[in-house]
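Q: One structure is given below, represented as structure tokens, and several questions about it will come after.
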Amino acid sequence: MSSDRRKYPRIATDQVISFAMLDDRDRLAVGRDLSTGGIRFETVGCELEVGETLRVTFNVDDETVVAVGRVVWATDVDAITTDIGLEFIDIHPRGLELLQAAIEAHDEVEGSGQTPFPSA
């Protein structure tokens with residue numbers, strides 16, 4: 039039995055993503071893992087609070103996905119870096135399809151070093 043209690047399977051990534059408050063300019067961050075339920079990313083020099091709503095943009099294969107999510111946790115990694123957990127609250131059905139297909143493909147090739155997500 040797995041000790042992973044996560045609701046959604048995740049895929050590791052290290053791609054550069056963008057995020058923004060809904061009425062603000064985009065900022066860059068590094069995505070750390072993705073699922074159909076949300077994304078974990080690291081940001082530098084930006085304070086985000088639990089409950090804030092963000093727009094996030096990332097790539098799956100060669101397609102750009104834009105989603106809106108709510109910050110569900112924020113953990114300081116060091117004095118300037120914060121690890122953010124964002125739960126998707128609005129994502130286009132095509133984005134969900136892409137994520138699901140990427141997760142299934144990842145499960146099939148796990149350990150091969152291949153990933154459907156571009157690297158930084």
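All letters in the sequence shown, in the order written, are residues 39 to 158 by this note's numbering.
Backbone N, C-alpha and C define an ideal beta-carbon position, used for all residues, glycine too.
Consult DSSP for E125 and reduce its assignment to one of helix, strand or coil.
A: Strand.
Q: Let me know if V109 comes out buried or exposed under the rule of 16 or more other beta-carbons within 10 Å of its beta-carbon.
A: Counting Cβ neighbours within 10 Å, V109 comes out buried, since at least 16 surround it.
Q: Kindly give me the distance between the Cβ atoms of W111 and V94, rounded to whole angstroms, as I take these residues to be in contact under 8 Å.
A: The Cβ separation is near 15 Å, so there is no contact.
Q: Measuring alpha carbon to alpha carbon, tell me which residue in R48, L66 and K45 is nearest V54.
A: Per the Cα distances, L66.
Q: Would the beta-carbon of R78 fall within 9 Å of that of D121?
A: Result yes, Cβ atoms of R78 and D121 sit closer than 9 Å.
Q: What three-state label does DSSP hand L60 in the structure shown?
A: In the structure shown, L60 sits in coil (DSSP, three-state: anything other than H, G, I, E or B).
Q: What does the Cβ neighbour count give for I141, buried or exposed, with the cut at 16 atoms within 10 Å?
A: I141 comes out buried.
Q: Can you tell me whether H130 is buried or exposed? The criterion is at least 16 other CB atoms within 10 Å of its CB, across all chains shown.
A: Per the 10 Å Cβ criterion, exposed.
Q: Does the separation of the CB atoms of F96 and L72 fall below 9 Å?
A: Contact: yes.
Q: Quick one: residues in its chain with C-beta nearer than 7 Å to the C-beta of I118, no 5 flanking neighbours on either side, listed in chain order?
A: Closer than 7 Å at Cβ, skipping near neighbours: V82 and G83.
Q: Check whether the Cβ atoms of L136 and D99 sit closer than 9 Å, and answer yes or no.
A: Yes, Cβ-Cβ distance for L136 and D99 is below 9 Å.
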